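The working numbering applies: residue 24 is where the sequence shown begins, and numbers increase by one.
Ideal Cβ positions, reconstructed from N, Cα and C, are used throughout, including at glycine.
In this text the structure is predicted, and so the values were computed from the model without any measurement.
These notes are about the structure you will find just below.
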Amino acid sequence: MFTADRNFLQYVLGTPDLGPDPRAGSFLVGQHLEFTRSTHHLATIIIVNALAFSAFAAFGLGETNVVFWLPLNLLVAAVLMRDWMRWSKMKGKPASVSGSYLRKNETIALVVGAIWASAPFFLTDERHLPLLVGATISIPMAGGLLSLIPKNPRVVLRYAAGTWIASAAYCVVHPTVANFVMLFMNAVYAYSLIVGLRSTFLVHLAEFQERTKAEEAHDLLMSALESSGQAFAILDEHNNTKVENSEHRYLVSKLGVTIEEGNRTVRTPGALWMRSFNRLPTGDAVVIHTNITAI
24 MFTADRNFLQ
34 YVLGTPDLGP
44 DPRAGSFLVG
54 QHLEFTRSTH
64 HLATIIIVNA
74 LAFSAFAAFG
84 LGETNVVFWL
94 PLNLLVAAVL
104 MRDWMRWSKM
114 KGKPASVSGS
124 YLRKNETIAL
134 VVGAIWASAP
144 FFLTDERHLP
154 LLVGATISIP
164 MAGGLLSLIP
174 KNPRVVLRYA
184 AGTWIASAAY
194 CVVHPTVANF
204 VMLFMNAVYA
214 YSLIVGLRST
224 FLVHLAEFQE
234 RTKAEEAHDL
244 LMSALESSGQ
254 AFAILDEHNN
264 TKVENSEHRY
274 LVSKLGVTIE
284 EGNRTVRTPG
294 ALWMRSFNRL
304 PTGDAVVIHT
314 NITAI
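This is the structure in structure tokens:
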């Protein structure tokens, strides 16, 4: 399983190998679900920002070539929206995923970033470019991605890489001081993005590991209780069952045993049980029935 001790850049830039830990599959499912639930938000952001940028360039600056840039962004948004519509029709949470969908969207993120940052190639007046490149290209969009999908740093950084590559390509074609200054500023922002992504991702990873450890401890406890021959349950403050093993379920649902506060013996057909009822300070209660027939 990926841990804080492993190199973060190696994880986001290399093969997404989470190791042999069986929890890695569950972690991948979590990443998969986060992305699929966010695709319609990503598509909406792309559509709104692309339309706003195109309107500003066309009507505010007289740059009409953006009509060729706009459809590229709308096409990407349509792909994301299609994915969201397809996944929204699925019932239930998948037990496992191959990771191919995430890998595909990592590539899409790189392409989307490059398309978005290619806007200067569709503008003709170089006096407008420093402001447009610096204010409307990678920084706001990458920040939005980080807030939407913090569990998927590989996707976010590939988008940021795509924007930077396209901006660098424009600087090579039009090597002005202003353009290189903006490119350097974007590189500094990319560094801060990596730092923020690492911190956010490691917090999520720590939460995931603690949650899975708690689930494993719960499974071990339930397994031990099933093997003990005792009927065990945890009740809330209203005596509604929160956790129970099969023996307790059998006593209540099949034999009709009523759960009441207090320690006492309970008779069922062919068996005698000793009930232990302990109310906790939190309001929950632990109920244990021990079979004492043979005593």
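The alpha helix (DSSP H) that contains residue 213, what's its start and end? 200-251
Contacts around residue 27, its chain only, beta-carbon distance under 6 Å, and the 5 residues preceding and following it disregarded: Low local confidence applies: a pLDDT of 48 at residue 27 is under 50, so the model's placement there is unreliable, and no value is given.
Compare the Cα-Cα distances from residue 328 to each of 144, 235, 238, 230 and report the closest residue. With the chain covering 24 to 318 only, the question about residue 328 has no answer from this structure.
7 Å Cβ shell around residue 96 - same chain, five flanking residues per side excluded: 69, 73, 138, 139
Looking at C-beta atoms only, is the number of pairs between the region 121-129 and the region 173-182 that lie closer than 8 Å three or more? yes
Give the single residue among 32, 91, 146, 107 whose Cα lies nearest to the Cα of residue 57. 107
On the three-state DSSP scale, how would you describe residue 277? helix
When the distance is taken between beta carbons, is residue 133 closer than 8 Å to residue 184? yes
Own chain, CB closer than 7 Å to residue 187, minus 5 neighbours either side, in chain order: 161, 209, 210, 213
Is residue 54 buried or exposed, if buried means 16 or more other CB atoms sit within 10 Å of its CB? buried
CB of residue 269 within 8 Å of CB of residue 283, strictly: no
Going residue by residue through the region 45-85, where are the continuous alpha helix (DSSP H) segments of at least 4 residues, counting only ones entirely within it? 46-78
Residue 314 - containing beta strand (DSSP E), residue span: 308-314
Using CA atoms only, rank isn't needed, just tell me which of 102, 91, 49 is closest to residue 66. 102
Selection from 299, 261, 260 that minimises the alpha carbon distance to residue 271: 299
DSSP-derived helix/strand/coil call for residue 288: strand
Buried or exposed, going by whether 16 or more other CB atoms sit within 10 Å of the CB of residue 85? exposed
CB of residue 254 within 8 Å of CB of residue 315, strictly: no
Beta-carbon gap between residue 182 and residue 136 smaller than 8 Å: yes
Cβ distance (whole Å) where residue 289 is taken to contact residue 280 below 8 Å: 6 Å
Would DSSP call residue 264 helix, strand or coil? strand
So with Cβ pairs under 8 Å, would you call residue 278 a contact of chain B? The structure shown has no chain B; it contains just one protein chain.
At the level of alpha carbons, what is the spacing between residue 174 and residue 191? 28 Å
In terms of DSSP beta bridges, what is residue 296 paired with? 289, 314
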